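Visitor: Below is the structure I would like to discuss, written out as structure tokens.
Numbering (the working numbering), first residue to last: 92 to 414.
Structure follows, in structure tokens:
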């Protein structure tokens, strides 16, 4: 009986210990010295029910060539009404679609040597009371050098080395299932200027999101010449536009030789209900330096011909027939 109880205790000890053991792992890899810290994935999208839980693994690789202190924190982020703006990290503040209180990394600090990779589970727990819509937060990975106990001494003052801190974010886009409000539109489609000397040509797509979840618009841009023939196409891969924000996507288009008037037309799927918006504009590409050189050459040729014919007289040769 005692033997059975002892075996049961051993089994309970190891199984319980496994449940409370740290799930993160550190791998020893043969990285070359790239002088950086790599964090992945850069973006995670997930749909969750209220009251559900989701675990995602974050990978942190030290390729800096030295030992680093890795700090893990969570921040909210939001979009911007400035079309040229990007996402804004909120620091200690809560965003309008706050996720930070529901995200729990397993650890907050660890030391990684060069060539080590950290696999860190991050748990997202959506409360039962969460309303349908988007929640947005980022796992921030900060890497700093290990501080020296003492620096150099100059005239009685301790001088330490400048500490450089690297911050990399892994973005989380959580959509709480339910009746959400999806609404957005193509605000503008334009170029930086109407006249180009040569390519590449800048094409800007401006999208506004007035809903409460992020949108992922995508589509194509068709380029036609003055005769209406298609001479190019640009694929627009999906990108994200945060709720209550405006975002600009800029792409470049080029071709071996451009000359004349062109029309660019965008067909943009909003990313929901298969709604497609279209807009177009025209622009000119005139390589004026080449045109100027050709024009000067033509003028010189004409002047040369005029001078030649004004200085030389051409007479028709006649033959005298005997009488």
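Just so you know, even glycine gets a beta-carbon here, dropped at the ideal spot from N, CA and C.
Source: prediction; values computed, not measured.
Contact defined as beta carbons within less than 8 Å: I believe residue 318 pairs with residue 275. What is the distance between those atoms, to the nearest angstrom?
Guide: About 35 Å separates the two Cβ atoms, so there is no contact after all.
Visitor: Of the choices 186, 177 and 259, whose alpha-carbon is the least far from that of residue 150?
Guide: Nearest option by C-alpha distance: 259.
Visitor: Please state if the CB of residue 345 and the CB of residue 290 are separated by a distance shorter than 9 Å.
Guide: Yes, they are a contact pair.
Visitor: With contact counted as at least three CB pairs below 8 Å, one residue from each stretch, are the segment 339-357 and the segment 188-203 in contact?
Guide: Touching, no, given that fewer than three Cβ pairs across the two stretches are closer than 8 Å.
Visitor: Can you look up residue 287 in the DSSP assignment and give me helix, strand or coil?
Guide: Strand.
Visitor: Residue 141 and residue 267 - do their beta-carbons sit closer together than 9 Å?
Guide: Yes, the pair counts as a contact, with Cβ atoms nearer than the cut-off.
Visitor: By how many angstroms is the C-alpha of residue 181 removed from the C-alpha of residue 229?
Guide: About 10 Å.
Visitor: In three-state DSSP terms, what is residue 234?
Guide: Correct three-state label for residue 234: strand.
Visitor: Could you name the residues of the same chain whose beta carbon sits closer than 7 Å to that of residue 378, not counting the 5 residues immediately before and after it, in chain order?
Guide: Contacts found: 288, 289 and 350.
Visitor: Pairing CB atoms from the segment 122-133 with CB atoms from the segment 167-186, are three or more of them under 8 Å?
Guide: The segment 122-133 is not in contact with the segment 167-186.
Visitor: Considering only residues of the segment 180-205, which uninterrupted alpha helix (DSSP H) runs meet the minimum length of 4 residues and lie entirely inside it, listed in chain order?
Guide: Segments of the alpha helix (DSSP H) lying fully in the segment 180-205: there are none.
Visitor: Find the nearest neighbour of residue 293 within the set 385, 373 and 262, judged by alpha-carbon distance.
Guide: When each option's Cα is compared against that of residue 293, the closest is 373.
Visitor: Give a yes or no on whether the C-beta atoms belonging to residue 136 and residue 163 are separated by under 9 Å.
Guide: The answer is no: Cβ separation not under 9 Å.
Visitor: Hey, quick one: how far does the beta strand (DSSP E) through residue 370 stretch, first residue to last?
Guide: Per DSSP, residue 370 belongs to the beta strand (DSSP E) from 367-376.
Visitor: Would you report the Cα separation of residue 335 and residue 186, rounded to the nearest angstrom?
Guide: Straight-line Cα distance between these residues: approximately 12 Å.
Visitor: If I measure Cβ to Cβ from residue 127 and keep anything under 7 Å in the same chain, skipping five residues before and after, which residues do I get?
Guide: Counting only Cβ-Cβ distances below 7 Å, and skipping sequence neighbours, we find 154 and 155.
Visitor: Tell me the start and end of each unbroken beta strand (DSSP E) in the segment 258-310 that is at least 3 residues and wholly inside, in chain order.
Guide: Complete beta strand (DSSP E) runs here, min 3: 275-281 and 292-300.
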